[in-house]
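Throughout the sequence shown, residue numbering follows mature numbering (1 follows the signal peptide of the UniProt record, and there is no 0), covering -24 to -1, 1 to 510 in sequence.
Have a look at the structure below before the remarks.
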Amino acid sequence: MAARSLLSAMLVAFVLTQLHSARALTLSSKLIHRFSDEAKTLRILRNGDPKALGRWPQRSTMGYYHLLASIDFQKQNMKLGSRRHFQFLFPSEGGNTVSFGNDWGWLHYTWIDIGTPNVSFLVALDTGSDLLWVPCDCIQCAPLSATYSTTLDRDLHEYSPSGSNTSKHVSCSHELCESGPKCKNSKQTCPYTIEYYTENTSSSGLLVEDILHLAAGGDDASTASIRAPVIIGCGMKQSGGYLDGIAPDGLMGLGLGQTSVPTLLAKAGLTKNSFSMCFDEDSSGRLLFGDQGPATQQSTSFLPSNGNYEMYIVGVEACCIGNSCLKQTSFKALVDSGTSFTFLPEAVYDKIAMEFDRRVNATVANYAGSPWKYCYNTSSQDLPNVPSVTLMFLANNSIVVHDPVFLIHGDQGVIGFCLAIQPAEGDTGTVGQNFMTGYRTVFDRENLKLGWSRSNCRDLNDVKSMPLASPKGTPPNPLPTNEQQSTPGGFAPAVAGRAPSKPSAASSQLISSQIPSLRLLSLLLRLCLIIFVF
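Have a look at this one:
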């Protein structure tokens, strides 16, 4: 062992001596201008097709200088953008959200603008999935005419990449293409298919990159317009709930995946890696990117799933009915704005529901075909006194739902109400949209925690320079009907597949260099370096 250590020490000393003798060695690289003949040749070799050059500028022409200047302007804007880290970003049409009740599956929606020229889409908001997709070059999509909906005063739109000057197809070799291994060749446009938890509900098509139009607000911006490149699903074929009136104009996934809008905005350095959603009792609300909430908010940490943070999962320590917290009611829950109601693991649900039933002073009602077990009759047009439901978290933080029920309307008005909680399969529940109502809910991805504070979604004191009024002409939210009760659990788009993180496809190439003084070593250093400026 001593002889081996001595030999190792002698070898290290020899290598250091040889490196010292080669201290005069210098490495050099060739700089190539982005529009030089060498760059032109390399571009052709890399793509294998001269057509990939597009309109290659001829040196010393006005077009050549115009292109150089435009690139310089883009770089300046990028530098300014990096210095101006916007406090808040929101969709260019205001960031207001609205729920159309039973007609559109009880989800919240917001208007967004995509492409150049911009086209408007009314997309559902879903923290349980990642991809932003819209109806596009449709093969099988929901009807987009206002005549098919009692809540719309204008037709919805269909996106077409060929109609946008800023659209780019995402190839199968792109790091965000999850279907890459299934592609026939790397240059093929990346396909996508998302299967949602709701039975037979899916969206499929091709991935494109295009501009999402945003506005900036907060202390460091007045009304700046932002053109953010994002990944968009060109949804050519939808199925299930997406053909039956749910999200007919698309869905914005706000999950933790690499293709989600919050992820892409944060990676571009436009704002903090966080966003908030606020749903008011009147079915209006707000969506803010970059919002980390007020200092006074309550919070709890996200929990990993299989060692990774892939979903917004939190740990509920206990559930309470009124002022009574029940034993053995802890569970993990996915916080999902794309789920209309709240689901508890069956054992927890049974304890909560029975305690709720014990405290309710009303006659039990049965509605034919209803999946809701705990329903009651009422002769009052007002909501009867019902006990609150509280979810307790670590450090005594809590989410309190004062009216954990929904009303049932008949021909003569309110005829009953039901506990708006359902049992879930497995040991993981879902905190749905109904338990988020009345709160400004913050998904702080930067610090991996969920924050919340009571809010009417208009009086956000720390949000400045933003239009906070609800959009004019917003239709009132219809209350649940008997027809709605026949839909088990409401509509619940859940976690979609996310593109796994992969190393960049770009790799460093080394210029081989021989060092005579190191030829005696078994280790041959080959360094290939090409610095290519594009």
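Beta carbons are placed, not taken as given, at the ideal position from N, Cα and C, and that holds for glycine.
- Where ASP333 is concerned, the enclosing alpha helix (DSSP H) starts and stops at 322 to 335.
- For PRO137, no beta strand (DSSP E) segment is defined, and its DSSP state is neither H nor E.
- Here GLU171 is bridged, per DSSP, to SER178.
- Here DSSP, grouped into helix, strand and coil, assigns ASN410 to helix.
- Taking 8 angstroms as the cut-off, the beta carbon of PHE251 is found no closer than this to the beta carbon of PHE62.
- Within the same chain, and ignoring the five residues on either side of ALA200 in sequence, the residues whose Cβ sits closer than 6 angstroms to its Cβ are ALA192.
- Assignment of ALA396 by DSSP, reduced to helix, strand and coil, places it in the coil class.
- Remark: C-beta atoms of VAL292 and MET368 approach each other more closely than 8 angstroms.
- PRO360 and LYS303 have their C-alpha atoms spaced approximately 27 angstroms apart.
- Counting along the chain, no alpha helix (DSSP H) covers PRO33, and no H or E run does either.
- If you ignore the 5 residues before and after ASN423, its C-beta comes within less than 7 angstroms of no other C-beta in its own chain.
- For ALA242, the enclosing alpha helix (DSSP H) stretches over residues 237 to 243.
- In the DSSP assignment, ALA309 falls within the unbroken beta strand (DSSP E) covering 307 to 311.
- Spatial neighbours of CYS351 in its own chain (CB-CB distance under 8 angstroms, excluding positions within 5 residues in sequence) are listed in chain order as VAL340, ALA341, ASN342, TYR343, ILE384, GLY392, PHE393, CYS394 and LEU395.
- Rounded to the nearest angstrom, the gap between the Cα atoms of ASN372 and PHE307 is 16 angstroms.
- Straight-line measurement puts the Cα of GLY314 at about 19 angstroms from the Cα of TYR285.
- The beta-carbon distance between LEU310 and TYR325, rounded to whole angstroms, is 15 angstroms. This is too long to meet the 8 angstroms contact definition.
- For TYR343, no beta strand (DSSP E) segment is defined, and its DSSP state is neither H nor E.
- The straight-line gap separating the alpha-carbon atoms of THR272 and SER429 is approximately 8 angstroms.
- The stretch 158 to 165 makes no contact with the stretch 120 to 133; the number of CB pairs closer than 8 angstroms stays below 3.
- Ranked by how close their Cα comes to the Cα of ALA329, the residues GLY345, CYS295 and SER346 have CYS295 in first place.
- Collapsing the DSSP output to three states places ASN72 in a strand.
- Remark: C-beta atoms of GLY211 and SER179 approach each other more closely than 8 angstroms.
- Annotated three-state conformation of GLY386 is strand, per DSSP.
- In the structure shown, ASP89 falls within a strand segment according to DSSP collapsed to helix, strand and coil.
- Here the alpha carbons of SER259 and ILE297 stand approximately 25 angstroms from one another.
- The straight-line gap separating the alpha-carbon atoms of GLN388 and GLU154 is approximately 53 angstroms.
- Distances from the alpha-carbon of ASP79 to those of LEU182, CYS148, GLY217 and LEU264 put GLY217 closest.
- Cβ contact annotation for CYS254 (same chain, cutoff 6 angstroms, sequence separation greater than five): GLY261, ARG262, ARG416, SER431 and CYS433, in chain order.
- The DSSP-derived three-state label of ALA371 is helix.
- Across the structure, THR239 and ILE115 are spaced so that their CA atoms are roughly 29 angstroms apart.
- Counting along the chain, LEU264 sits inside the beta strand (DSSP E) bounded by residues 260 to 265.
- Rounded to whole angstroms, LEU232 and PRO33 show a C-alpha spacing of 41 angstroms.
- Take the alpha-carbon of SER281 and the one of LEU230: they are about 17 angstroms apart.
- Rounded to whole angstroms, SER374 and LEU246 show a C-alpha spacing of 32 angstroms.
- Annotated three-state conformation of GLY314 is coil, per DSSP.
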